[in-house]
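Taken in order, the sequence shown gives residues 1 to 237; the numbers are from the UniProt record's numbering. Remarks on the structure that follows.
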Amino acid sequence: MPKLRCIAVDDEPLALELLEDNIRQVPFLELVASCHNAFEAMDILHEQGADLIFLDIQMPGITGVQFLKSIQGQNTTPMVIFITAYEQYALEGFELDVVDYLLKPVAFERFLKSVNKAYDLFKLHQQTPTEQTTTHFFVNANYALVKIRYDEILYIEGLKDYVKIYLSSARHPVITRMTLKGIEQKLPSHEFMRIHKSYIVSLDKIQSVRNLKIHIGEAVIPVGEQYVEEFMKAIGE
């Protein structure tokens, strides 16, 4: 039985603990991480990914609604179940196409009904994969959520737990806490390619290749030895 990888987000410690207990009782749920705010959740989502987010609405800083709007339209947007004490947010939740809306305190029977619905959608999506149609994703940078358009990315440089995203529309790179592997999973594979342990490039933005060095604007990026064969195939050589 494939499992739904979940993130729990709530700024109330007791509510978060109860949510964790409910998740652990369901065989097809796997708790990836528990977060106390949307910024923590954004980092986890970027680094590890998730299929389902249990999301509180009223949180300091970025609200659950704002967080959901920021991740919708990305390459792999997870399903969301809102959990809140405020019934008046239900309509907005469903307008945002969430799986369900749970009112605190949440009875386990109601929780189980909600996650079964999510699991049915998960299995259906696995059977009928959709074509990539998104144009952007968001990253957490400089204490804000920054939109990154695929067609503006020149190349990406990995620096341990951080990446620098170089854009055609900006003089300076966007720096965000994420692994290169994590951001690679967000990119359309037919447009971007890992060509070095520390670099991903936009194939469309390559201006020239000389002596296994890629020229993009003023940047000169080496092609790593283990990536040479696949890269040459990608550019038709």
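Glycine residues also receive a C-beta, built at the ideal position from the N, C-alpha and C atoms.
- Here I148 is bridged, per DSSP, to F137.
- Look at the beta carbons and you see the segment 192-206 touching the segment 216-234: at least three pairs across the two are nearer than 8 Å.
- Secondary structure in the UniProt domain "Response regulatory" (5-119): the alpha helix (DSSP H) runs of 4 residues or longer, each lying completely within the stretch, are 13-24, 38-48, 64-71 and 90-95 in chain order.
- Membership of E157 in the beta strand (DSSP E) is indicated by the continuous run I153 to L159.
- In terms of Cα proximity to L145, the closest of L16, I62 and E12 is I62.
- In chain order, V26 and L29 place their CB closer than 7 Å to the CB of V115, counting only its own chain and leaving out the 5 sequence neighbours on each side.
- Judged by DSSP secondary structure, L203 falls outside any beta strand (DSSP E); it is assigned neither H nor E.
- Counting along the chain, the unbroken alpha helix (DSSP H) around L180 starts and ends at L180 to E184.
- Per the Cβ contact rule, the segment 98-114 is not in contact with the segment 32-42 (fewer than 3 Cβ pairs under 8 Å).
- Beta-bridge analysis with DSSP links I165 to I156 and V174.
- In this structure, S208 sits away from F192, with a CB-CB distance that is not shorter than 8 Å.
- For a cut-off of 8 Å, the C-beta gap from V223 to L212 is around 4 Å, short enough to register as a contact.
- Remark: C-beta atoms of E47 and T179 approach each other more closely than 8 Å.
- By the C-beta density criterion, S70 is buried, having at least 16 other C-beta atoms within 10 angstroms.
- Taking C-beta atoms under 8 Å as the contact rule, N140 and M42 qualify, at a distance of about 5 Å.
- A buried status is given to M59, since no fewer than 16 other beta-carbon atoms sit within 10 Å of its beta-carbon.
- If you look at K213, you'll find it in the beta strand (DSSP E) that goes K213 to I216.
- Secondary structure note for V220: its beta strand (DSSP E) is the uninterrupted segment A219 to P222.
- A170 sits exposed, since fewer than 16 C-beta atoms from the chains shown fall within 10 Å of its C-beta.
- Approximately 6 Å separates the beta-carbon atoms of V9 and D56; this is inside 8 Å, confirming the contact.
- Secondary-structure assignment with DSSP links M232 through no beta bridge to anything.
- Per DSSP, the beta-bridge partners of F192 are S202.
- Taking the Cα of C6 as reference, the smallest distance to any Cα among H190, D21, G217 and L14 is reached at D21.
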